[in-house]
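Sequence order for the protein chains is R and V. If you use the numbering used here, the first sequence corresponds to residues 21 to 375, in order. If you use the numbering used here, the second sequence corresponds to residues 6 to 519, in order.
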Amino acid sequence: MTEKKNNRYVTLLLTLLLSMVVGAIFMFALGFKPFEAYVQLFKGAFLGKVNLGTTLQKFVPVLLTGVGFAVASKVGCFNAGIEGELYLGAITAAWAGHYLPKMPAPIHILICLVLAMIVGALWAAIPAILKVKWDVNEICVCILSTYIAKYFTSWLCNGPLSAKTGMPQTPAVHENIMLTQIMKPSQANTGLFLAVIIVVAVIWLLYRSTLGYKFLTVGLNSSHADYMGINSKKVVIQGMMLSGALGGIAGTIEVLGVYGYFLDNFSLNIANDGMLSSMIVWNDIRLVPLMSFFVAALKSGALSMERFAGVPRSIVDTITAIFIIFATMETLFNLKKKKKKEKVTTVSSEEGGKK
Amino acid sequence: MAAKDDFIVEMSDIDKSFPAVHAVDGGQFTLRKGEIHSLIGENGAGKSTMMKMLYGLYRPDGGVIKINGKVMENLTPSISISEGIGMVHQEFMLVNDLTVLENVILGFEPKKGVKIDFEESRSKINHYVETYHMDIQPDKRIDQISVGEAQRVEIIKTLYRGANVLILDEPTAVLTPQECTKFFEILQELRNDGKSIVFISHKLNEVMDISDRITVMRNGKYIATVNKEDTNTTQLAKMMVGREVFLSIEKEKGNIGAPILELKDIWTSGEKELSKIRGVSFDVCAGEIVGIAGVDGNGQSELIEAIAGLRKVEKGQVILDGQDITNYTPLQARQAGLTHIPEDRNLRGLNRALSIEENLVAWRFEEKPYAKGINRNKKEIRKFAERLIEKFDIRPADPTVITQSLSGGNAQKIVVAREVDADGKLLIASQPSRGVDIGAIESIRKILNTVKKEGKGILLVSADLEEVLALSDRIVVMYEGKIMGIVDSEDATTDNVGLLMLGERPDDEEKEVS
């Protein structure tokens with residue numbers, strides 16, 4: 021087990037280096053100076069309070085949606101709809117933050133959070149229920165339901181919930197429930213700690229609790245789970261709901277920590293970055309934080325790379341994309357693994373031979 | 006003795022390692038023209054690996070493979086096929102939606118311009134059908150024919166591709182005794198026609214029936230090659246296992262008590278057919294083993310699933326110790342005292358990606374002391390697992406090992422341990438010794454007998470008729486979703502049960518037939 025884990029770290033590191041090299045070749049071919057670009061990227065992501073703060077601020081939603089995606093994958097679902105859950109969670113929090121009467125801040129924040137979680141969870145339950153009841157492909161439903169969520173929130177913040185300022189946004193939440201800024205003047209906020217606590221709790225839930233055991237069992241072998249008396253359909257729905265709730269939390273922190281209101285189309289596909297961070301590390305929840313931090317750093321460093329080295333920001337997306345391609349080629353750096361696979365096939369065929 | 010040079014296949018000092026497993030170590034095998042040569046050994050002895058190397062699926066790490074006197078290096082399946090080697094795998098490699106004819110010619114179609122020449126294919130196939138008396142129906146789709154027929158199609162397919170050497174990997178596992186007899190006749194005709202046959206098996210009686218020579222392997226090592234005339238099953242078993250084996254357990258009529266399981270007119274659907282099970286009724290009493298015999302696919306699996314709550318019972322009643330458990334969920338059925346060793350341990354029985362301890366605790370992980378609230382108590386789970394590992398002699402004795410890497414026997418012991426330890430009223434044992442080595446078969450059968458002596462009811466399903474006969478007190482024979490007959494173990498023989506399995510009643514009508 022440990023050996024396998026170590027392999028993964030090495031593979032991940034090699035993949036990272038390789039994709040950076042490929043990215044460099046791209047830049048070189050386009051007439052830029054790759055080394056300088058990377059230096060600026062690094063500086064822009066980590067050096068200085070503002071830069072590091074921005075990285076941390078971007079890290080939070082990527083982390084939460086990434087972990088959310090990984091949770092769904094544990095029950096065998098591909099939750100492509102986490103962006104939608106994030107939007108609905110965000111607008112719920114923005115609504116609760118503005119329209120509910122004044123009350124002590126901690127309680128109010130908690131209410132925003134819980135409502136957003138419920139909304140996210142219920143939204144994610146739709147594809148899960150369709151999947152277990154009628155075998156509808158959850159990816160399709162997720163993609164479509166994300167459009168609905170986006171357009172619905174867009175309508176809300178342009179219509180019934182509009183702040184009427186000419187901008188497509190909701191009225192600001194009460195000042196006192198805004199999460200404290202921790203690295204002024206960047207937008208990093210205490211939502212970071214909240215996110216870390218929640219992620220630790222999710223990891224505990226998955227690997228130490230009976231619920232997590234059900235998730236793992238169902239995700240790995242649902243026939244076995246059913247035979248052992250676990251209702252696999254119920255567990256799949258629960259898994260997706262937890263995943264959606266995490267999306268809702270991500271949305272809440274964005275609203276209460278960064279914007280102060282719901283802004284139409286605010287996320288710029290943050291949840292997709294989360295999804296990718298999870299997929300790159302084979303949905304291993306314990307590696308997701310690492311990967312989402314890296315992705316967030318790329319995102320926040322990209323701006324200064326563009327500004328100071330003249331390299332277009334989109335090159336970062338290219339690097340991420342290359343990263344994913346390499347990361348999915350699991351055997352790329354591991355010839356040993358290849359041999360192992362061969363062994364697995366013999367074992368299974370031997371097994372077959374005994375029937 | 007024939008001269009050395011008429012070996013059609015010669016494999017010497019073969020060596021093959023997979024990471025962590027030395028699969029074949031000094032393997033020897035020779036094959037003459039026109040002989041049936043059996044390759045026997047326990048599971049994992051390296052028989053399949055040897056033959057896969059001959060067929061070019063694996064490359065040996067060391068040793069020499071000669072085919073038709075030529076040293077073959079870099080053997081691939083296509084080279085092997087062109088050298089006249091053909092392999093019939095245990096899982097048939099047939100396309101269900103195509104007809105028999107299309108399956109046979111697939112990849113080697115005779116062409117007329119750009120079209121397939123079906124006339125020529127048909128006449129070629131008919132040639133094999135007539136020469137070897139293999140009746141097949143060329144225009145039926147594969148999913149419409151029986152397993153026995155599918156096997157004949159596989160053989161014709163191999164012959165059609167020009168095979169002189171046929172490697173048959175456990176071909177009789179799916180056949181009834183009667184189909185077996187017919188199958189052996191075909192093999193003999195093939196041999197008389199000069200074809201050579203490698204027969205991989207672990208059923209010693211069959212091996213003694215059909216072979217000219219027998220090669221025994223154990224733990225990847227070559228043990229011996231003997232002529233059939235010079236050996237007997239006892240000696241072969243000893244060579245295979247490395248010690249004396251006692252598979253035939255002294256059957257004691259236990260104290261048969263009140264009915265534990267009562268099935269009353271059960272009806273249920275299969276995956277494809279409605280009413281797969283049509284009105285099945287029988288009892289299993291305390292202290293009794295009732296065996297269900299039948300060719301695979303005659304409704305045994307569906308019946309078991311219906312009893313265990315995994316398939317909906319459409320009509321009828323399942324009564325466990327006086328309690329109506331019809332259409333209980335699997336968990337409710339367990340709580341009512343039903344334990345179940347499922348037929349496919351890789352699909353249902355085990356979660357192969359999880360460790361031994363997680364599998365052992367799989368149905369009681371929410372109970373105290375293994376969990377407090379939702380907090381799992383890993384220490385208690387470990388203790389529990391260690392106890393079972395010791396009691397049931399599961400190897401390796403490390404509860405954290407992932408079950409995927411275990412041998413069939415030890416993997417099955419995990420399932421058996423979990424279900425027997427659950428201490429229910431009824432134990433359903435479906436194919437309990439499928440794919441496990443002789444040593445494990447021996448201990449699993451002993452365990453079943455102990456459970457019976459404890460006064461529990463056992464419902465045994467096995468595709469291995471010998472196993473059913475060896476263990477059961479009563480035998481229920483199923484055919485096409487119905488009960489063909491219930492035979493007391495004293496009256497049961499391979500012949501009369503075999504006939505019932507084929508849907509025919511024995512001629513002598515005195516047999517107790519319900």
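All C-beta atoms, glycine included, are put in the ideal place defined by N, C-alpha and C.
With a threshold of 8 angstroms between beta-carbons, can residue i be considered close to chain R, or not?
i	result
T455/V	no
Q353/V	Note on identity: in this sequence residue 353/V is Arg, with Gln being the wrong assignment. Closer than 8 angstroms: yes.
R339/V	yes
P264/V	no
T220/V	no
L315/V	yes
A376/V	yes
N356/V	yes
R381/V	yes
In terms of residues, what are the limits of the beta strand (DSSP E) holding residue i?
i	result
D20/V	12-23
V482/V	479-484
F188/V	Segment 182-197 is the alpha helix (DSSP H) holding F188/V; no beta strand (DSSP E) there.
F204/V	201-206
V179/V	Where V179/V is concerned, there is no enclosing beta strand (DSSP E), given that its DSSP letter is neither H nor E.
L505/V	Segment 499-506 is the alpha helix (DSSP H) holding L505/V; no beta strand (DSSP E) there.
What separation, rounded to the nearest whole angstrom, lies between the Cα atoms of residue i and residue j?
i	j	result
L164/R	P147/R	10 angstroms
L106/V	L195/V	21 angstroms
L176/R	S182/R	7 angstroms
V308/R	D155/R	29 angstroms
I149/R	I257/R	6 angstroms
I2/R	F343/R	No information on residue 2/R is available, as it lies outside the stretch 21 to 375 that chain R covers here.
V193/R	A114/R	6 angstroms
G259/R	I215/V	56 angstroms
N209/R	V219/R	16 angstroms
L36/V	E234/V	17 angstroms
K317/V	G275/V	10 angstroms
K281/V	K269/V	16 angstroms
G460/V	E175/V	36 angstroms
K120/V	R166/V	19 angstroms
What residues are listed by DSSP as bridge partners for residue i?
i	result
S85/V	DSSP output for S85/V lists no bridge partner at all.
D155/R	Answer is none; D155/R lacks a bridge partner.
V231/V	I219/V
D493/V	R479/V
Q189/R	L283/R
C132/R	None; C132/R has no bridge partner.
D30/V	D20/V, K226/V
R37/V	F12/V
The alpha helix (DSSP H) spanning residue i covers which residue range?
i	result
Y227/R	211-228
A92/R	69-94
A100/R	Looking at the DSSP string, A100/R is not in any alpha helix (DSSP H), and its letter there is neither H nor E.
G259/R	252-273
M245/V	238-246
T331/V	Neither: T331/V is in no alpha helix (DSSP H) and is coded neither H nor E.
H244/R	242-247
E362/V	361-365
F343/R	334-348
T344/V	Careful: T344/V lies outside any alpha helix (DSSP H), inside the beta strand (DSSP E) at 343-346.
Report yes or no: is there a C-beta of chain V within less than 8 angstroms of the C-beta of residue i?
i	result
E370/R	Bear in mind that a pLDDT of 39 at E370/R, under 50, signals an unreliable position, so the model cannot answer this.
R228/R	yes
D246/R	yes
Y107/R	no
N18/R	Chain R is shown only over 21 to 375; residue 18/R falls outside these bounds and no answer can be derived.
T237/R	yes
A221/R	no
G249/R	yes
E23/R	In this prediction, E23/R scores a pLDDT of 48, lower than 50, which makes its location untrustworthy; the coordinate-derived value is nonetheless stated afterwards. No, because no Cβ of chain V sits closer than 8 angstroms to the Cβ of E23/R.
L307/R	no
L231/R	yes
Just to check, is the beta-carbon of residue i closer than 7 angstroms to a non-hydrogen atom of the ligand GTP?
i	result
N454/V	Among the components of this structure there are no ligands whatsoever, and the ligand GTP is therefore not found.
Note to self: Suppose only complete runs of 3+ residues qualify. What are the beta strand (DSSP E) ranges in the stretch 132-170 of chain V, listed by chain order?
What the structure shows: For the beta strand (DSSP E) assignment, the stretch 132-170 of chain V encloses no uninterrupted run of at least 3 residues.
Practice problem: Jot down the residue ranges of each uninterrupted alpha helix (DSSP H) in the stretch 42-122 of chain V, minimum 4 residues, whole runs only, in chain order. | Solution: Fully enclosed alpha helix (DSSP H) runs of 4 or longer: 52-59, 82-87, 105-110.
| said: So within the stretch 27-67 of chain R, which uninterrupted alpha helix (DSSP H) runs reach at least 4 residues, ignoring any that extend past its ends? | reply: 54-66
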